[in-house]
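Enquirer: Structure provided below as structure tokens; questions to follow.
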Amino acid sequence: MDTIKPQIAKRIKAAREATGISQVAMAKQLDIARQTYLDLESGKTEPRVTTLLSIAILTQRPLAWFVGEQVSPTPQGEWEGDLHALPRLYAQLPATLRQPLVESHMLQLQACIRYVTAQ
């Protein structure tokens, strides 16, 4: 686990920089202290899964990208615009509302996928 911690920290920083969000703004969006966010970027602390999911949404990166999977950080296809709009919309919500909403949407999407694949 210690070998992946620096990689996650490096990717958190790279994702933030690629989107042009400051460290202060990212901390505010995540509803965490600035120092807590700095500790995530430096690798001093590991992010919670919910925090990493929020960072993925804010920076429009797949969650798997942060842990080293070789996935494209930009979705491709006709639905690309829809996927880029979602993080911006979620980012406008306070973290206390955003997280339960994301979880609810994930469950709904999984149910839709199960329904469609069962047909």
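Note that my numbering has the sequence shown beginning at 6, numbered continuously upward. Ideal placement from N, C-alpha and C gives every residue a C-beta, glycine not left out. Source: prediction; values computed, not measured.
1. Taking one C-beta from the segment 89-104 and one from the segment 16-36 each time, how about it: are there three or more such pairs within less than 8 Å?
2. Rounded to whole angstroms, how far is the Cβ of R119 from the Cβ of W70, which I believe are closer than 8 Å?
3. Identify whether L98 lies in helix, strand or coil by the three-state DSSP scheme.
4. Would you list, in sequence order, the uninterrupted beta strand (DSSP E) runs of no fewer than 3 residues that lie entirely inside the segment 18-57?
5. Could you check which residue in I9, G25, T50, P92 has the C-alpha nearest to that of L58?
6. State yes or no: is the C-beta of L43 within less than 9 Å of the C-beta of Q65?
Expert: Considering the structure as presented:
1. These segments touch.
2. Against the sequence shown, residue 119 aligns to sequence position 114. Against the sequence shown, residue 70 aligns to sequence position 65. About 25 Å separates the beta carbon of R119 from that of W70, a gap too long to meet the 8 Å contact definition.
3. For the purposes of this step, residue 98 is taken as residue 93 along the sequence shown, with counting starting at 1. DSSP, read as helix, strand or coil, puts L98 in coil.
4. Counting only runs of 3 or more residues that sit fully inside the segment 18-57, no beta strand (DSSP E) segment turns up.
5. Residue 58 sits at position 53 when you count from the first residue of the sequence shown. Ranked by Cα distance from L58, the first of I9, G25, T50, P92 is P92.
6. Position 38 of the sequence shown, counted from the start, is the residue given in the question as residue 43. Position 60 of the sequence shown, counted from the start, is the residue given in the question as residue 65. L43 places its beta carbon 9 Å or farther from that of Q65.
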